[in-house]
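Structure, as structure tokens:
2 protein chains.
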Amino acid sequence: MSLPLAGLVVLDLTHVLAGPFASMTLADLGARVIKVERPGTGDDTRGFPPFKHGRSAYFAAINHGKASIALDLKADADRATFERLLDRSDVILESYRPGVMERLGYGWEVLHARDPKLIYGAVSGFGHTGPDARRPSYDMVAQARGGVMSITGEPGGEPMRVGASIGDIAAGMYLTQGVLAALVDRARTGIGRKIDISMLDSQFALLEHAVAVASAIGKPPSGTGGRHPSIAPHETFNASDGLFVIAAGNDTLFEKLCVALSLPIADDERFATNAARCGNARLLKRLIEAVTLDATRAHWIAKLTAAGIPAGPIQSVDEVMKDPQIVARNMVVDVLDRNGRQAFKAAGNPIKMSDAEDRTARAPAPDLDGNRGEILRWLDGS
Amino acid sequence: MSLPLAGLVVLDLTHVLAGPFASMTLADLGARVIKVERPGTGDDTRGFPPFKHGRSAYFAAINHGKASIALDLKADADRATFERLLDRSDVILESYRPGVMERLGYGWEVLHARDPKLIYGAVSGFGHTGPDARRPSYDMVAQARGGVMSITGEPGGEPMRVGASIGDIAAGMYLTQGVLAALVDRARTGIGRKIDISMLDSQFALLEHAVAVASAIGKPPSGTGGRHPSIAPHETFNASDGLFVIAAGNDTLFEKLCVALSLPIADDERFATNAARCGNARLLKRLIEAVTLDATRAHWIAKLTAAGIPAGPIQSVDEVMKDPQIVARNMVVDVLDRNGRQAFKAAGNPIKMSDAEDRTARAPAPDLDGNRGEILRWLDGS
Numbered sequence: 057m058s059l060p061l062a063g064l065v066v067l068d069l070t071h072v073l074a075g076p077f078a079s080m081t082l083a084d085l086g087a088r089v090i091k092v093e094r095p096g097t098g099d100d101t102r103g104f105p106p107f108k109h110g111r112s113a114y115f116a117a118i119n120h121g122k123a124s125i126a127l128d129l130k131a132d133a134d135r136a137t138f139e140r141l142l143d144r145s146d147v148i149l150e151s152y153r154p155g156v157m158e159r160l161g162y163g164w165e166v167l168h169a170r171d172p173k174l175i176y177g178a179v180s181g182f183g184h185t186g187p188d189a190r191r192p193s194y195d196m197v198a199q200a201r202g203g204v205m206s207i208t209g210e211p212g213g214e215p216m217r218v219g220a221s222i223g224d225i226a227a228g229m230y231l232t233q234g235v236l237a238a239l240v241d242r243a244r245t246g247i248g249r250k251i252d253i254s255m256l257d258s259q260f261a262l263l264e265h266a267v268a269v270a271s272a273i274g275k276p277p278s279g280t281g282g283r284h285p286s287i288a289p290h291e292t293f294n295a296s297d298g299l300f301v302i303a304a305g306n307d308t309l310f311e312k313l314c315v316a317l318s319l320p321i322a323d324d325e326r327f328a329t330n331a332a333r334c335g336n337a338r339l340l341k342r343l344i345e346a347v348t349l350d351a352t353r354a355h356w357i358a359k360l361t362a363a364g365i366p367a368g369p370i371q372s373v374d375e376v377m378k379d380p381q382i383v384a385r386n387m388v389v390d391v392l393d394r395n396g397r398q399a400f401k402a403a404g405n406p407i408k409m410s411d412a413e414d415r416t417a418r419a420p421a422p423d424l425d426g427n428r429g430e431i432l433r434w435l436d437g438s
Numbered sequence: 057m058s059l060p061l062a063g064l065v066v067l068d069l070t071h072v073l074a075g076p077f078a079s080m081t082l083a084d085l086g087a088r089v090i091k092v093e094r095p096g097t098g099d100d101t102r103g104f105p106p107f108k109h110g111r112s113a114y115f116a117a118i119n120h121g122k123a124s125i126a127l128d129l130k131a132d133a134d135r136a137t138f139e140r141l142l143d144r145s146d147v148i149l150e151s152y153r154p155g156v157m158e159r160l161g162y163g164w165e166v167l168h169a170r171d172p173k174l175i176y177g178a179v180s181g182f183g184h185t186g187p188d189a190r191r192p193s194y195d196m197v198a199q200a201r202g203g204v205m206s207i208t209g210e211p212g213g214e215p216m217r218v219g220a221s222i223g224d225i226a227a228g229m230y231l232t233q234g235v236l237a238a239l240v241d242r243a244r245t246g247i248g249r250k251i252d253i254s255m256l257d258s259q260f261a262l263l264e265h266a267v268a269v270a271s272a273i274g275k276p277p278s279g280t281g282g283r284h285p286s287i288a289p290h291e292t293f294n295a296s297d298g299l300f301v302i303a304a305g306n307d308t309l310f311e312k313l314c315v316a317l318s319l320p321i322a323d324d325e326r327f328a329t330n331a332a333r334c335g336n337a338r339l340l341k342r343l344i345e346a347v348t349l350d351a352t353r354a355h356w357i358a359k360l361t362a363a364g365i366p367a368g369p370i371q372s373v374d375e376v377m378k379d380p381q382i383v384a385r386n387m388v389v390d391v392l393d394r395n396g397r398q399a400f401k402a403a404g405n406p407i408k409m410s411d412a413e414d415r416t417a418r419a420p421a422p423d424l425d426g427n428r429g430e431i432l433r434w435l436d437g438s
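Sequence order for the protein chains is F and B.
Add 56 to a position in the first sequence, counting from 1, and you land on the number used in our numbering.
Add 56 to a position in the second sequence, counting from 1, and you land on the number used in our numbering.
Put into structure tokens, the structure is as follows:
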């Protein structure tokens, strides 16, 4: 019973969200993560609202369970400490703009020559190659330029930002995958690799349907409001007391839905296949709502679920956090303060794994430079 | 120069999007993926529009480079073939509802006893535990119940679906991470693990900011239209010819922005910190738009970018596919037909890695059962 990455050390120079999201996952999987922050202010997200007892809930949600040491990588003494940390690390993560690590003398070529086993994971706005490599970016730029905003929102309406910071998080998740794949590879070869993740690339990589549409019919898709663009019915519907969702994604489910709603259209050729239903989605929505408007969301969700048809509520975030399934899966964990009391709630680890403890609490997010003493003792010790 | 997962074999029983998205990434990283489909119809997404030359662009975008064999796992001859495939596999992936694999005699306990090295990756709507484990789900249910729709869209407006199928894709990405972490672990221990991914868990795990807010102030956040909820300015702004984005995520960038826009507010205490700017975001937006409405998007993006401030266009998907940075990063690849000609375009692999070829084309998505002969020869052969 041990976590799959137990014993691995990640030296984490990243800040804000994309990189820290990756190192959070690696920590949840058992790696020891040492966050190297700039002296004085540290990670910008320490200043992101909301705050509780003077601490950023945002910072805590992403940086729990990591250790922090503040190092000035232009100062000799701190560089020596940094290099001792490098000697003990399996992975280094950084989210500087391309060229910064080289100027510090810690670019990939130098570090790879110094220790061929080291894995180097970089995440940046646009990647380390291409005409815009050195431009700065944030989540919003990746979402806007990467296309997801153009397909989120009402048809013909203003493009909407995805409420979660998917521009950062997608890049963080690909960074995690790249680091893990390099660890798999290193177990065979003994040699580390450099991983170069771009927020723009990562955002684009999620547009499965939209790329397929643009590729096949040459016309870019737009927002579809509350509807899936290539499955029908798979969208929001009005009940007597508000919106809920039905997702009848194949012919069998559609037939079951027609039975459950007493809608005599299962044999109608306009709805005979998913492709036909997509072509007549607006009509189909009205036929379904003519039934669903007669009773409550709870009524329809219970009835359709009993019939084996995917359906569900549209929940606010506090409702999700109390959802019995989310609670049963240990998806809301306590982030402790240094007295062992619950200080914040955070999302748990969605990677459930046999023989790996699924911890219900997380150690605090570190104070800036808060683990210097223990880190130096660890370097001196065993 | 080899891909990091070269030599690994993934036996893929998943369908639709979450599982196939994971096996696509594993294939892009070098694994051999054998897609096991049900005889007759195969993966439902073979019937998803749009079509080109009778083939689903959607299916092609996710299943390129995989091999297909159709097997009836209730028929003895096909079970024997399946078990020979198991003997050659490092990883099995499945997306059935919990209990289906057990009824087929291929549950985790059985397969783990049969071959302790095998890694078993499951993805389902709600996971293999908890009160709703056996309920069916689709992307829309995960997005709605998982909370992301409640924070996407205009404040007070209807909840919006994220235009990409993030309910599926997040689960697919966590499945990939779980499988890779288990491979890292197996390299040390020789023992495989079961990974149990829930679409609902995975969707919830992306809500970093929203969970922090709900945790710290006890009130669930709602949609914020085109704005980041905890960074300001980090949103859409009107220029004379439409919307673009500015993301000035820290004090230094905000000061640069004030200079670039000739806005004399850098010393105004209402905008002195990110927290203060978030509290006065609506006022700040108006002050900025009073300047940006005077010139075009292109003007402002060029000017702000030259000043080192993250800014960018809101691009449609076809614009993204022609974006010089996306093209330079090889993020649009050709999916070939069996004559080696380009049949579709698809998103490339965002995990760029040293000493790994970043291929510009992908082998075709397979016909149903289209690789039976070569798969059987491979089983018979070396």
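Idealized CB from N, CA, C, for every residue including glycine.
Mind checking which residues open and close the beta strand (DSSP E) that includes residue i?
| i | result |
| --- | --- |
| Asn119(B) | Not the beta strand (DSSP E): Asn119(B) falls in the alpha helix (DSSP H), residues Ala113 to Asn119. |
| Tyr162(F) | It is not in any beta strand (DSSP E) - Tyr162(F) carries neither H nor E in the DSSP assignment. |
| Phe400(F) | Gln398 to Ala403 |
What is the DSSP secondary structure of residue i, counted as helix, strand or coil?
| i | result |
| --- | --- |
| Asn294(F) | strand |
| Glu93(B) | strand |
| Arg201(B) | helix |
| Val72(B) | coil |
| Asp84(B) | helix |
| Arg415(F) | coil |
| Gln259(B) | helix |
| Leu349(B) | coil |
| Asp425(F) | coil |
| Met196(F) | helix |
| Met216(B) | coil |
| Asp100(B) | helix |
| Asp252(B) | strand |
| Ile357(B) | helix |
May I have the straight-line CA-CA distance separating residue i from residue j, to the nearest angstrom?
| i | j | result |
| --- | --- | --- |
| Asp99(B) | Pro187(B) | 28 angstroms |
| Ala198(B) | Arg170(F) | 46 angstroms |
| Asp393(F) | Ile222(F) | 28 angstroms |
| Leu236(B) | Thr81(B) | 11 angstroms |
| Thr70(F) | Val166(F) | 19 angstroms |
| Val218(F) | Leu263(B) | 10 angstroms |
| Phe115(B) | Ala419(B) | 13 angstroms |
| Glu214(B) | Thr208(B) | 9 angstroms |
| Thr118(F) | Val156(F) | One point to set straight first is that residue 118(F) is Ile, not Thr, in the sequence displayed. So the two alpha carbons sit approximately 24 angstroms from each other. |
| Arg190(F) | Ala316(F) | 56 angstroms |
| Arg433(F) | Asn405(F) | 30 angstroms |
| Phe310(F) | Thr352(B) | 48 angstroms |
Starting from residue i, trace the alpha helix (DSSP H) in both directions and tell me its first and last residue.
| i | result |
| --- | --- |
| Glu150(F) | Note, Glu150(F): premise wrong, no alpha helix (DSSP H); beta strand (DSSP E) at Val147 to Glu150. |
| Ser271(B) | Glu264 to Ile273 |
| Gly181(B) | No alpha helix (DSSP H) contains Gly181(B), which DSSP labels as neither H nor E. |
| Ile225(B) | Ile222 to Thr245 |
Using 8 angstroms for Cβ pairs, my map puts residue i next to residue j. What's the rounded Cβ distance?
| i | j | result |
| --- | --- | --- |
| Arg153(B) | Ser180(B) | 6 angstroms |
| Asp252(F) | Ala178(F) | 5 angstroms |
| Leu141(F) | Leu424(F) | Incorrect: roughly 17 angstroms between the Cβ atoms, too far for contact. |
| Ala295(B) | Trp356(B) | 6 angstroms |
| Ile90(F) | Ile125(F) | 6 angstroms |
| Ala417(F) | Val389(F) | 6 angstroms |
| Val373(B) | Ala270(F) | 5 angstroms |
| Asp68(B) | Leu149(B) | 5 angstroms |
| Val66(B) | Asp146(B) | 7 angstroms |
| Ala272(B) | Ala113(F) | 4 angstroms |
| Ala220(B) | Ala74(B) | Not a contact, Cβ separation roughly 13 angstroms. |
Relative to chain F, which residues along the stretch 221-234 of chain B have a C-beta separation below 7 angstroms, given in chain order? Answer set for the stretch 221-234 of chain B: Ser221, Ile222, Ile225, Met229, Tyr230, Thr232, Gln233 and Gly234.
Which residues of the stretch 191-215 of chain F have a Cβ closer than 7 angstroms to any Cβ of chain B? Give them in chain order. Residues of the stretch 191-215 of chain F that bring their beta carbon within less than 7 angstroms of a beta carbon in chain B comprise Arg191, Pro192, Ser193, Tyr194, Asp195, Met196, Val197, Ala200, Arg201, Gly202, Gly203, Val204, Met205, Ser206, Ile207, Thr208, Gly209, Glu214 and Pro215, in sequence order.
Given a limit of 7 angstroms on CB to CB distance, which residues of the stretch 324-340 of chain B reach chain F? Residues of the stretch 324-340 of chain B with a C-beta less than 7 angstroms from any C-beta of chain F: Thr329, Asn330, Ala331 and Cys334, listed in chain order.
Interface residues of the stretch 298-323 of chain F facing chain B [CB-CB below 9 angstroms]: Correct list: Leu299, Phe300, Val301, Ile302, Ala303, Ala304, Gly305, Asn306, Asp307 and Leu309.
Near-chain F residues of the stretch 240-255 of chain B - C-beta to any C-beta below 7 angstroms: Going along the stretch 240-255 of chain B in chain order, one finds Val240, Asp241, Ala243, Arg249, Lys250, Ile251, Asp252, Ile253 and Ser254 with a Cβ nearer than 7 angstroms to chain F.
When you check each C-beta in the stretch 385-398 of chain B against every C-beta of chain F, which residues fall closer than 7 angstroms? Along the stretch 385-398 of chain B, going in chain order, the ones with a CB nearer than 7 angstroms to a CB of chain F are Arg385 and Met387.
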